[in-house]
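Notes for the one structure printed next.
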């Protein structure tokens, strides 16, 4: 079987490794935007180009005569790559353009939840001009809101009052900067609690869930600094999270099912691919932060490393509408993923400089924002390399990940606190405090 992977980061490498564990022994083909050395090595052939040049991606897929395509990042989904591939009889993991709006337009996602009366919706309002923005901001408690650019922003288009800016005036200035970029934006109530990610395989009929993951979005130790694409992530051996109850998880799963059903009704099309719910568990239940239409990065490393069943068979069933619970099983182990990123990331990252991987366990290292030239690796300015620890406990997995990331050398930094006992306990205690405070 010939499978095309679109994308050239750590997420796509995690997808490739999971596919190659299949007893079906697929041939991989990659359409990449940078010279990712391992994706190139694992592929029967590759093409280097713009991932959003959907006609060029189609041409490569046809030349290779692929049987299936998997779209890694969100930008090609927004451009309609899945529509184009399906039109040419290439089954695709990744929703069509109209369905992908669940991620590519935050306003669409909020209006969908509002229209179909889906639980977990925070108070919100959408703006395409600055009229009445100040009045709306002042209607919230002090620093009690979040401002989100409506379109795709690589995980960096969200600013939280009290964390990234202070007061109404600074919030208004951020709104002005979004309008200057000719984008609309949302202002939402700020939910207090702990975030988690819940991903599911969708076959056009139902959704089948993966273990929940917590992504660490802030750039610096102690959850300080700007939002990023994700500095690392954890999952636990019991397929919960230390601060998450079974009732919280079931509530999030119910929301995902309702969103999938409503989205397919609204768009009149079937959803074949990954649906990713970004949630916050609060003292008053689960709230929706956002939805994504593909594997998360870094979450893909956590969940796909645990997948025990045939990923190729799962993908085949997803595009045919034939997925079943018995086809999917995950190991009961804990995972900790940590990213090494360029100095200055995310606002002014260095690029073009050399980096090294010394004495690391190859299977635990996921190259991401690198370019391979003349047998050397150079930074592209994006998140550079992820490492993954897998063990029976979070503590053991964290020690593995920290040891591996210290084998990475270059003008890079990482968050040493991801997955540590101290950070996890702080999050557990935070939720206990909030539940006592508000209930």
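Residue numbers (the working numbering): 103 to 541. All C-beta atoms, glycine included, are put in the ideal place defined by N, C-alpha and C.
Got a sec, what are the start and stop residues for the beta strand (DSSP E) residue i sits in?
i, result
"residue 300", "295-305"
"residue 432", "Run containing residue 432: none; DSSP gives neither H nor E here."
"residue 250", "247-251"
"residue 551", "Given a span of 103 to 541 for the chain in the structure shown, any question on residue 551 remains unanswerable."
"residue 165", "Run containing residue 165: none in the beta strand (DSSP E); it sits in the alpha helix (DSSP H), 156-166."
"residue 478", "478-481"
"residue 180", "Segment 177-181 is the alpha helix (DSSP H) holding residue 180; no beta strand (DSSP E) there."
"residue 334", "334-337"
"residue 380", "374-384"
"residue 270", "First-last for residue 270: 269-282, but that is the alpha helix (DSSP H), not the beta strand (DSSP E)."
"residue 231", "Where residue 231 is concerned, there is no enclosing beta strand (DSSP E), given that its DSSP letter is neither H nor E."
"residue 148", "147-150"
"residue 457", "456-459"
Relative to the C-alpha of residue i, which residue among the options is closest?
i, options, result
"residue 521", "348, 362, 299 and 343", "343"
"residue 510", "279, 490 and 415", "490"
"residue 473", "150, 129, 113 and 538", "150"
"residue 413", "116, 110, 111 and 309", "116"
"residue 186", "108, 174 and 199", "199"
"residue 143", "110, 286 and 166", "110"
"residue 435", "470, 494, 416 and 449", "494"
"residue 512", "303, 446 and 181", "446"
"residue 304", "253, 271, 366 and 321", "366"
"residue 332", "201, 173, 191 and 448", "448"
"residue 321", "397, 407, 370 and 443", "443"
"residue 348", "387, 374, 406 and 465", "387"
"residue 330", "450, 369 and 193", "450"
"residue 297", "291, 319, 313 and 471", "319"
"residue 192", "170, 174, 207 and 389", "170"
"residue 389", "355, 432, 417 and 327", "355"
Please state if the CB of residue j and the CB of residue i are separated by a distance shorter than 7 angstroms.
i, j, result
"residue 212", "residue 289", "no"
"residue 457", "residue 479", "yes"
"residue 317", "residue 299", "yes"
"residue 114", "residue 107", "yes"
"residue 528", "residue 400", "no"
"residue 430", "residue 310", "yes"
"residue 335", "residue 404", "yes"
"residue 337", "residue 437", "yes"
"residue 237", "residue 270", "no"
"residue 462", "residue 506", "yes"
"residue 218", "residue 168", "no"
"residue 281", "residue 251", "no"
"residue 469", "residue 140", "yes"
"residue 499", "residue 492", "yes"
What residue does the alpha helix (DSSP H) around residue i start on, and which one ends it?
i, result
"residue 411", "Here residue 411 belongs to no alpha helix (DSSP H), and DSSP marks it neither H nor E."
"residue 509", "Per DSSP, residue 509 belongs to no alpha helix (DSSP H) and is neither H nor E."
"residue 393", "Taken as a continuous stretch (DSSP letters only), residue 393 belongs to no alpha helix (DSSP H), being part of the beta strand (DSSP E) at 387-394."
"residue 525", "523-540"
"residue 368", "348-369"
"residue 140", "139-144"
"residue 210", "208-217"
"residue 240", "235-240"
Might you give, ordered along the chain, the residues of its own chain that have their beta carbon closer than 8 angstroms to the beta carbon of residue i, omitting 5 neighbours on each side?
i, result
"residue 393", "204, 205, 211, 361, 377, 378, 379 and 380"
"residue 536", "294, 295, 384 and 385"
"residue 202", "176, 179, 180, 184, 196 and 395"
"residue 530", "344 and 345"
Leaving out five residues before and five after residue i in sequence, what residues of the same chain have Cβ atoms less than 7 angstroms from its Cβ?
i, result
"residue 220", "357, 360, 361 and 364"
"residue 162", "133 and 149"
"residue 267", "261, 273 and 276"
"residue 307", "423"
"residue 71", "It is not possible to answer for residue 71, since the shown part of the chain is limited to 103 through 541."
"residue 292", "246, 247, 248, 262 and 263"
"residue 408", "313, 432, 433, 435 and 437"
Here's the rule I'm using: 16 or more other beta-carbon atoms within 10 Å means buried, otherwise exposed. How should residue i be labelled?
i, result
"residue 233", "exposed"
"residue 125", "exposed"
"residue 127", "exposed"
"residue 454", "exposed"
"residue 485", "buried"
"residue 516", "buried"
"residue 284", "exposed"
"residue 460", "exposed"
"residue 538", "exposed"
"residue 426", "exposed"
"residue 350", "buried"
"residue 397", "buried"
"residue 222", "buried"
"residue 440", "buried"
Counting only C-beta atoms, is residue i closer than 7 angstroms to chain D at any point?
i, result
"residue 303", "Going by chain labels, chain D is absent from the structure shown, which holds only one protein chain."
Residues in its own chain within less than 6 angstroms of residue i by CB, not counting five upstream and five downstream?
i, result
"residue 230", "286"
"residue 501", "none"
"residue 312", "301 and 405"
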